Each structure stands twice: as structure tokens, then as C-alpha cells.
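S.K.: Sharing a structure here in C-alpha cells format.
There are 2 protein chains.
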Amino acid sequence: MTYRPRLSSAFRPPTIEVDSVNERGERLTTAIAGEYPLTIYLDKRELVTLMTLGQRPEALVLGYLRNQRLVRSLAEIEAVQVDWEVGACAVTSFAGIDDLDSRLATRTVTTGCGQGTVFGDLMAEIDSIELPADRRLSEATYYRLLDNVRRYDSVYKAAGAVHGCALARGEEILYFVEDVGRHNAVDAIAGQMWLDAVEGCDKIFYTTGRLTSEMVIKCAQMGIPFLVSRSGLTQMGHALARRVGITMIGRATGKHYLLFTGEHRFVRSPRSERAAAPVSC
Amino acid sequence: MTYRPRLSSAFRPPTIEVDSVNERGERLTTAIAGEYPLTIYLDKRELVTLMTLGQRPEALVLGYLRNQRLVRSLAEIEAVQVDWEVGACAVTSFAGIDDLDSRLATRTVTTGCGQGTVFGDLMAEIDSIELPADRRLSEATYYRLLDNVRRYDSVYKAAGAVHGCALARGEEILYFVEDVGRHNAVDAIAGQMWLDAVEGCDKIFYTTGRLTSEMVIKCAQMGIPFLVSRSGLTQMGHALARRVGITMIGRATGKHYLLFTGEHRFVRSPRSERAAAPVSC
Numbered sequence: 001m002t003y004r005p006r007l008s009s010a011f012r013p014p015t016i017e018v019d020s021v022n023e024r025g026e027r028l029t030t031a032i033a034g035e036y037p038l039t040i041y042l043d044k045r046e047l048v049t050l051m052t053l054g055q056r057p058e059a060l061v062l063g064y065l066r067n068q069r070l071v072r073s074l075a076e077i078e079a080v081q082v083d084w085e086v087g088a089c090a091v092t093s094f095a096g097i098d099d100l101d102s103r104l105a106t107r108t109v110t111t112g113c114g115q116g117t118v119f120g121d122l123m124a125e126i127d128s129i130e131l132p133a134d135r136r137l138s139e140a141t142y143y144r145l146l147d148n149v150r151r152y153d154s155v156y157k158a159a160g161a162v163h164g165c166a167l168a169r170g171e172e173i174l175y176f177v178e179d180v181g182r183h184n185a186v187d188a189i190a191g192q193m194w195l196d197a198v199e200g201c202d203k204i205f206y207t208t209g210r211l212t213s214e215m216v217i218k219c220a221q222m223g224i225p226f227l228v229s230r231s232g233l234t235q236m237g238h239a240l241a242r243r244v245g246i247t248m249i250g251r252a253t254g255k256h257y258l259l260f261t262g263e264h265r266f267v268r269s270p271r272s273e274r275a276a277a278p279v280s281c
Numbered sequence: 282m283t284y285r286p287r288l289s290s291a292f293r294p295p296t297i298e299v300d301s302v303n304e305r306g307e308r309l310t311t312a313i314a315g316e317y318p319l320t321i322y323l324d325k326r327e328l329v330t331l332m333t334l335g336q337r338p339e340a341l342v343l344g345y346l347r348n349q350r351l352v353r354s355l356a357e358i359e360a361v362q363v364d365w366e367v368g369a370c371a372v373t374s375f376a377g378i379d380d381l382d383s384r385l386a387t388r389t390v391t392t393g394c395g396q397g398t399v400f401g402d403l404m405a406e407i408d409s410i411e412l413p414a415d416r417r418l419s420e421a422t423y424y425r426l427l428d429n430v431r432r433y434d435s436v437y438k439a440a441g442a443v444h445g446c447a448l449a450r451g452e453e454i455l456y457f458v459e460d461v462g463r464h465n466a467v468d469a470i471a472g473q474m475w476l477d478a479v480e481g482c483d484k485i486f487y488t489t490g491r492l493t494s495e496m497v498i499k500c501a502q503m504g505i506p507f508l509v510s511r512s513g514l515t516q517m518g519h520a521l522a523r524r525v526g527i528t529m530i531g532r533a534t535g536k537h538y539l540l541f542t543g544e545h546r547f548v549r550s551p552r553s554e555r556a557a558a559p560v561s562c
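Protein chains in written order, with this note's numbering: chain A, 1 to 281; chain B, 282 to 562.
So this is what it looks like as C-alpha cells:
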């Protein structure tokens, strides 16, 4: 059985209602997305304050520690306890984290959003990542997945102002996480994958956010060969996707898409649409 | 005459072209936004690496230092020199920056995007900000400004994947900056305002990005009483806007908008649209 740290099960209501006046002078009640500060303490040391929608705070914190390379294995973590009363998450390790001081001291800060924080040299790591070359995603499965994403009952539909990420196996959505920042949504999925011992090699990562350098790096680090976005991409997102050989699709809306890199894994349907099997690991 | 540090005048081409395949199997050449790392050195000390579109890098760096409260006055800065060959910006102060070590040591990291970096306690500062109560923005001027924004020849139209911010006086756009991250775009405008000794008190800040806590804080810090966004808002963005008394309009698209806070400064047109004077300081 997979090891799991002791976890709280805290979350925040995703939306609150506020008053507004529209262009016709009508007073309305509008749902807006929640946004709450959550300060992470690792063995009582304050690391960072994230502003989050608070849907999966324990997974977010674990994913943050994972993606920032501050914690290497889930087995190092004894407990993750979120307390919204004080806006804090206490992470306890079994035996302390090796090198935490030096990892924090030598932090480099890169940015995708543009001012996200990344510890250590992620760029150097990217060359050591090998994504599986033999996975396939058929166009028919891709379209069914997009349709599932579209129909998902999301905070975005109710309130906007959030980014959504999904982890999918074929057309099946395994996780769907929204947050006020797209990095948080990615990190929460990385944390949930850790908790459930889910591998990335046969998965598809969908995001509403742009394909910047950081998005590609995180996806590659999770070992996921397919990256799909409703939005566009940047030059460095493109360059990194090519370097790491990920299959990257942008502008994924309705029937339209643009396949930018990793063409060999994407199987276009012949004109007579055939049913397609989901990818398998 | 206003003091200006010695500045390089470096910028990057905003878009590059890459190949893609669309849903009809057609090979296309697609313009995508540039994204370049720029590492800031303040008196030879490495502070941060920003990923940027690189349109106004000198203003971006100055605005970053201003908004992070690392530099209090432009007069402290002798030179800002960007060198894209090495992806670095060297900022030189005349006499060193007081307390730089302690400011960096006690950094708190808050997030809007959600993992942006802010030094010092910006939240405490917000209560000391007083925005002018007597400025007015008429609905007619507002609509003309939105129209000017819409017609602006932007990188977004060509390549997507960037956020845009504008500083306006009435309907007139003074600056329009785009960047891969919305924080960078805001910071670049803050830097340009510093360089040109432009006050915020009679200005309107427009952003394509969401109205999160950090966006409201930065706008208030620049002393700007009007904040307009094409996107939605978050709970904390709303709470801060109320607290600081900013006039905040969201969902600004076409003829539609939602006025959330600071109603007293917004003058709705009677049904017979009258011409309206721009706000004045």
C-alpha cells in the first residue's frame, strides 16, 4: 500500500458573493473566486505564502515542495496540517530535510507568470528527463478529452478569475484543480499524483494557462508526455518543449488546435473518424 | 528637469515564428511571444531572474525594484544597463542600498499569479495609502478608453500568450506594456512612471489580467484611483480594493462592465450620452 503522510482535510468555499453595478445601472450579486493566504512552514521554518483558492491545500503544499525540489520523497514527510484559522500549513518531516538551508540560500528565482519562485536549477535538470517516445494520443481521444474538460463543473464557469488544470488518462479526467494562479493548480496536481502514487508516463496534462517555460518544465518533471493548453505559448515554452521532446498542443478550443512539438505521439484521424484507444503506460 | 539614471536601450523582438500543424493537417507558421531570462544584479548582487518579453527591460527592472520596495527613490540609482548577450541587467546605485541585506533576509513571498515574489510587508503598507476621493471618470470617457485599448497594435493580437497593461489619462493611453507575466507588465509601467516623473493620482490603470490582491496593491501603491480589467476578480482583490477605496471595474469587454468598488468616482452617463471631460489631477 502506498504511504501517505497524515493529512488535514481543509478547504475553502470556492466562491463568495459581492455586489456590483453593471452598465445598465443594475445592482447585481456576483460570484467571485476565493483567494486566501496560506503560509507554508516546513519543520517550523517559514518558507512562503501562497495565495490560493484553497480547494486542495494539502496537495498544493506537497506539490509545491516537490516541484521546488525542497522535498525529494513523500516518505520524508510525516504530516501536512492546514489550519485556515491562522492561514498556515505545518509540514513536518521525519528527520529534517537535508541541505534545506543551502537549498534556500542558493535559490534562483525564475518566472513564468512572470515572477514565480523556483529553488535550485530546474533548467539544468531538464536535460536529464526522458519522456517515453512510444506513447500515442489519437485525435479522437483528444477531442473527447477536450469535451470532458468543457463540460466540467468548474469554479471558472461560476466566477472566472481562476486557472484550471486537469490530469487525464486518455479522455478520462483523473484530477481537475483550479486556483487563482496557474502554478498553484499545477503544483496541486503534482502533489495529488505523489499522494496517489500516480505516474505521469501515460497521462495528458491539460491547462487553461499559457505554455510558458515553467509550465513545460513542471510537466516534464512529472514525466507527462502530453501537454495541452487552451492558450498560446511563449518562445521559451516552445524551445523547452522541443528540447525535452514533449508533445505540445496549444490553442485547443472547439475543433481547433495547433500541434507544436512531439508530432510522432499524436495520431491524426483519417477523414472517417475511427474510435481510438486511450494511451496506456 | 527630472533626474534619469543612465539607461541602456535594449529590447528584444516581440515575436518569433515557429512551425505547427493544425487540425486539418496543414503546416503553418505561427507567431509566438518572446520570453527571455533577465537576471537583475543590484550593485553586483544577484537578486532575481525574470522571464520577460523584453519590450521595456530597463523600466521593468526599475519598476520591479520600486514595487518590491528595494529602492525608494530613483535618485539612488546611477545606471541601469541591460545586456541581452548574457541575459543580465546591472543596476548601479550611487551609495549602496541601505538595509538591502535585511530587506532580502526578511522577504515574505506573497502571490497573486500565484507565486509572485514580494519583499517586505506590502499588506501593512496598504492602510497608509490615500487615494484622491475627488477624481471622476465618466462612463463616456471610459468607453472611449476601452476602444483605444481595443485598437492598440498589440503583441497579443499577433501571438497571444501575453498580458497587457495600460496607463491612461482619461481616454488617452500614455503607456502600453505587454509581457509574458502580468506582474512584469505592471512593474514596467511603474518603472516608466518613475522615469518620467508621472504621478498616478489622475490616471486609470487598465489590465488584461485578473484583479488579484497583488494587482490591487500595486495599483494603490502607484497612487492610481482607477483600476479596470478585462478579466474577473478574486475575493482578496475585492477586499483590498474596498479597503483602499479604489474604483475598480471588472469584466470590461465591449459595452459590458461590472463596477465593484469606489462607485463615487464613476459618473454614469444619462441616457442621452453627453461628452465627458477627462479626469484631471
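Where a beta carbon is used, it is the ideal one built from N, C-alpha and C, also for glycine. Here the structure is a predicted model, which means the values were calculated and not measured.
Classify residue 167(A) as helix, strand or coil using the three-state DSSP reduction.
M.R.: Note: residue 167(A) maps to strand in three-state DSSP.
S.K.: With 9 angstroms as the threshold, decide whether the Cβ of residue 507(B) is near any Cβ in chain A.
M.R.: No, its Cβ sits nowhere closer than 9 angstroms to a Cβ of chain A.
S.K.: For the 8 angstroms Cβ check, are there 3 or more pairs between the region 8–25 of chain A and the region 527–544 of chain B?
M.R.: They touch, by the three-pair rule.
S.K.: Could you tell me the boundaries of the alpha helix (DSSP H) in which residue 147(A) lies?
M.R.: Where residue 147(A) is concerned, the enclosing alpha helix (DSSP H) stretches over 139–151.
S.K.: By the three-class DSSP mapping on this structure, what secondary structure does residue 392(B) have?
M.R.: Interpretation of residue 392(B) is limited by its pLDDT of 38, a score under 50 that renders its predicted location unreliable; no figure is taken from the coordinates.
S.K.: To the nearest angstrom, how far is the alpha carbon of residue 62(A) from that of residue 193(A)?
M.R.: The alpha-carbon atoms of residue 62(A) and residue 193(A) are separated by roughly 10 angstroms.
S.K.: The beta strand (DSSP E) with residue 58(A) in it runs from where to where?
M.R.: Per DSSP, residue 58(A) belongs to no beta strand (DSSP E); it is in the alpha helix (DSSP H), 57–67.
S.K.: Within 9 angstroms of any Cβ in chain B, is that where the Cβ of residue 141(A) sits?
M.R.: With 9 angstroms as the cut-off, residue 141(A) does not count as an interface residue toward chain B.
S.K.: Could you tell me which chain A residues have their CB closer than 8 angstroms to the CB of residue 545(B), listed as they occur along the chain?
M.R.: In chain order: nothing, as chain A lies at least about 12 angstroms away.
S.K.: At the level of alpha carbons, what is the spacing between residue 358(B) and residue 226(A)?
M.R.: Roughly 46 angstroms separates the two Cα atoms.
S.K.: Any Cβ of chain B within less than 9 angstroms of the Cβ of residue 282(A)?
M.R.: Nothing can be reported for residue 282(A), as the shown portion of chain A is limited to 1 through 281.
S.K.: Taking 9 angstroms as the CB-CB limit, is residue 392(B) close to chain A?
M.R.: A caution first: residue 392(B) carries a pLDDT of 38, below 50, which makes its placement in the model unreliable, though a value can still be read off. Yes - at least one Cβ of chain A is within 9 angstroms of the one on residue 392(B).
S.K.: CA-CA distance, residue 111(A) and residue 551(B)?
M.R.: Low confidence applies here, because residue 111(A) scores a pLDDT of 38, under 50, leaving its location unreliable and the question unanswered by this model.
S.K.: Please identify, using Cβ separations under 8 angstroms, the residues of the region 186–205 of chain A that lie next to chain B, in order along the chain.
M.R.: Cβ contacts with chain B: none found.
S.K.: With a Cβ-Cβ cutoff of 9 angstroms, do residue 316(B) and residue 333(B) count as a contact?
M.R.: Yes, these two residues count as a Cβ contact at 9 angstroms.
S.K.: Below 9 angstroms between beta carbons: does that hold for residue 502(B) and residue 471(B)?
M.R.: Yes, the Cβ-Cβ distance between residue 502(B) and residue 471(B) is below 9 angstroms.
S.K.: Since residue 340(B) and residue 476(B) should fall inside the 8 angstroms C-beta cutoff, what is the C-beta to C-beta distance between them, to a whole number of angstroms?
M.R.: Confirmed, Cβ separation roughly 6 angstroms.
S.K.: Can residue 338(B) and residue 285(B) be called in contact, C-beta distance under 9 angstroms?
M.R.: No; because the gap between Cβ atoms is not below 9 angstroms, this pair is not in contact.
S.K.: Can you check whether the CB of residue 530(B) is closer than 9 angstroms to the CB of residue 512(B)?
M.R.: It is not a contact, given that the beta carbons lie outside the stated cut-off.
S.K.: Between residue 177(A) and residue 55(A), which are expected to be in contact by the criterion C-beta below 8 angstroms, what is the C-beta distance as a whole number of angstroms?
M.R.: That belief holds up - the Cβ atoms of residue 177(A) and residue 55(A) are roughly 6 angstroms apart, short of 8 angstroms.
S.K.: Using a Cβ-Cβ cut-off of less than 8 angstroms, give me the residues of the region 228–242 of chain A that come near chain B, in sequence order.
M.R.: Listed by position along the chain: 231, 232, 233, 234, 235, 236, 237 and 238.
S.K.: Can you tell me where the alpha helix (DSSP H) with residue 468(B) in it begins and where it stops?
M.R.: It spans 463–476 - the alpha helix (DSSP H) in which residue 468(B) sits, taken as one unbroken run.
S.K.: Name the chain A residues whose beta carbon is nearer than 8 angstroms to that of residue 303(B)?
M.R.: Within chain A, the residues near residue 303(B) are 256, 257, 258 and 259.
S.K.: Count the other CB atoms, across all protein chains shown, that sit within 10 Å of the CB of residue 203(A); report buried if there are 16 or more and exposed otherwise.
M.R.: Result: buried.
S.K.: Which residues mark the beginning and the end of the beta strand (DSSP E) in which residue 497(B) is found?
M.R.: Element bounds for residue 497(B): not the beta strand (DSSP E) but the alpha helix (DSSP H), 494–502.
S.K.: Using a 10 Å radius around the Cβ and a threshold of 16 neighbouring Cβ atoms, would you call residue 218(A) buried or exposed?
M.R.: Residue 218(A) should be labelled buried.
S.K.: What residues in its chain sit with their C-beta under 6 angstroms from that of residue 90(A), if we drop five residues either side in the sequence?
M.R.: Excluding positions up to five away in sequence, the list reads 41 and 81.
S.K.: Can you give the beta carbon distance from residue 39(A) to residue 96(A), rounded, assuming they're within the 8 angstroms contact cut?
M.R.: About 20 angstroms; that fails the 8 angstroms criterion.
S.K.: Quick one: using the 10 Å Cβ neighbour count with 16 as the cut-off for buried, is residue 366(B) buried or exposed?
M.R.: By the 10 Å Cβ count, residue 366(B) comes out exposed.
S.K.: What residue range does the beta strand (DSSP E) around residue 162(A) cover?
M.R.: It is not in any beta strand (DSSP E) - residue 162(A) carries neither H nor E in the DSSP assignment.
S.K.: Would residue 418(B) and residue 548(B) be called neighbours here (beta carbons separated by less than 9 angstroms)?
M.R.: In this structure, residue 548(B) lies closer than 9 angstroms to residue 418(B) by Cβ.
S.K.: Could you check whether the Cβ of residue 346(B) sits closer than 9 angstroms to any Cβ belonging to chain A?
M.R.: Output row for residue 346(B): interface = no.
S.K.: Can you grab the Cα-Cα spacing for the pair residue 329(B) / residue 28(A), in whole Å?
M.R.: Roughly 43 angstroms separates the two Cα atoms.
S.K.: Per DSSP, which one or two residues make a beta bridge with residue 9(A)?
M.R.: In DSSP, residue 9(A) forms no bridge with anything.
S.K.: Along the chain, where does the alpha helix (DSSP H) containing residue 238(A) start, and where does it finish?
M.R.: Run containing residue 238(A): 235–244, per the alpha helix (DSSP H) assignment.
S.K.: Quick one: which chain B residues come within Cβ less than 8 angstroms of residue 35(A)?
M.R.: Within 8 angstroms Cβ-Cβ: 493, 494, 515, 516, 517 and 518.
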